[in-house]
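Oh and the sequence shown: position 21 is 21 in the working numbering, straight run, nothing missing. C-beta atoms are modelled at their ideal positions from N, C-alpha and C, and glycine is treated no differently. None of these values were measured; they are calculated from a predicted model.
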Amino acid sequence: MELGVIGLGRMGQIVVDRSLDAGHDVVAFDLSAEATAEAAEAGATAADSVEDLCDRLGSEKRIWLMVPAGDPVDATLDDLEPHVGEDDVIVDGGNSHFEASVRRAGDTDAAYLDCGTSGGPAGAYLGFSLMVGGPEWAYEAMVPVFDAVATGNAGHERMGPSGSGHYVKMVHNGVEYALMQAYGEGFELLANGRYDLDLEAVARTWNNGAVIRSWLLELCEEAFREEGNDLGDVADHVAGGSTGTWTVQEALEQETPVPLIYQALAERFGSRAPEEGRFARRLANRLRYGFGRHEVEREE
């Protein structure tokens, strides 16, 4: 099928590359001419504007947005509005708030799919996990591309009506916060405990058959291997927090207790206060680089 991709950062380029690898035709556009040129080098057709991208697509347009959440999504939808209709499909693959996605679905003439996307840059090799909300017919229309971008047909699912995809991804990120905090606290105790331990070896051993094995634990092993047992100059500063905040706010509205997710969020905010650094937060800082290639804050 033919796919238009708008937004060619790390994740957007992966959507382009995996779609091309699966034999789909891709028309690509980004505000950065350099990013558009990179997509063209990979085999996509370059567009020089949103209008040009739409002109190059067929009568039933399939468009994937991978632009930053918030105003950029609304601005891009405004640019698309004159060029799309009820037979077209727009996928929002960013971390939008689910309530904003419900609003956009109602305001957009095209079918709007909110698509929670997890996997980070590793998705280039492994494929993403895609949590999709919106009309069933639109989801079915996009299955060939979802199969290409995700880890096969088991790596994507329609969660329900508009908003549900980003809702599930929001909670996913809250769980991610709590898991990172748990690993960080465990390794902090090992680092400060009774024995002089090789933490890389601990992580490697745990990740081979132990109950707590996971990709995050693989990233712990990577962090200790590359930064050293004491994490070197990795700072006690954990960035991010918007999706975790949304999760806690929703939990309060639904009167559902999420103490672990709340505490993990509080630790993130606490890491930004001027105080003696905590090992657990330093590890969480480095893990964000591992799964998302987010910049590692380092001590001066």
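Item: Host alpha helix (DSSP H) of P243 (start-end); Value: Residue identity check: residue 243 is Thr in the sequence provided, not Pro. From DSSP, the alpha helix (DSSP H) with T243 extends over 242-254.
Item: Rounded straight-line distance, which links the Cα of A201 to that of G209; Value: 14 Å
Item: Cβ shell of G241 (< 8 Å), same chain only, five flanking positions each side left out; Value: L265, R268, F269
Item: Contact set for E297: own chain, Cβ-Cβ below 6 Å, skip 5 residues either direction; Value: A235, H237, N285
Item: Collapsed DSSP secondary structure at H156 in the structure displayed; Value: strand
Item: Per-residue burial, R293 [other beta carbons within 10 Å of its own, 16 or more giving buried]; Value: exposed
Item: L179 vs A223 beta-carbon contact at 8 Å; Value: no
Item: Assumed close pair L65, D92 - CB separation to whole angstroms, cut-off 8 Å; Value: 5 Å
Item: As assigned by DSSP and simplified to three states, the class of A273; Value: coil
Item: Collapsed DSSP secondary structure at L31 in the structure displayed; Value: coil
Item: Burial state of G127 (16 or more Cβ within 10 Å); Value: buried
Item: Where E2 sits in the DSSP three-state scheme; Value: strand
Item: First and last residue of the uninterrupted beta strand (DSSP E) at S129; Value: 129-133
Item: As assigned by DSSP and simplified to three states, the class of L113; Value: strand
Item: Residue ranges of each beta strand (DSSP E) within the stretch 172-247, 3 or longer; Value: none
Item: Span of the beta strand (DSSP E) around D87; Value: Counting along the chain, D87 falls outside any beta strand (DSSP E), and DSSP gives it neither H nor E.
Item: Cβ-based neighbour list, G160, same chain, cut-off 8 Å, excluding 5 preceding and 5 following; Value: G133
Item: Beta carbon of E188 nearer than 8 Å to that of F291; Value: no
Item: Spatially closest choice to D30 from F98, A39, Q254, H24, by CA coordinates; Value: A39
Item: Nonlocal neighbours in the same chain, by C-beta distance under 8 Å from V16, ignoring five residues either side; Value: V5, L8, V26, A28, A39, A42, A44
Item: Opposing strand residues paired with W64 [DSSP bridges]; Value: V5, V91
Item: Backbone secondary structure at T45 - three-state DSSP; Value: strand
Item: Among A124, E51, L190, the one whose alpha carbon lies nearest that of R18; Value: A124
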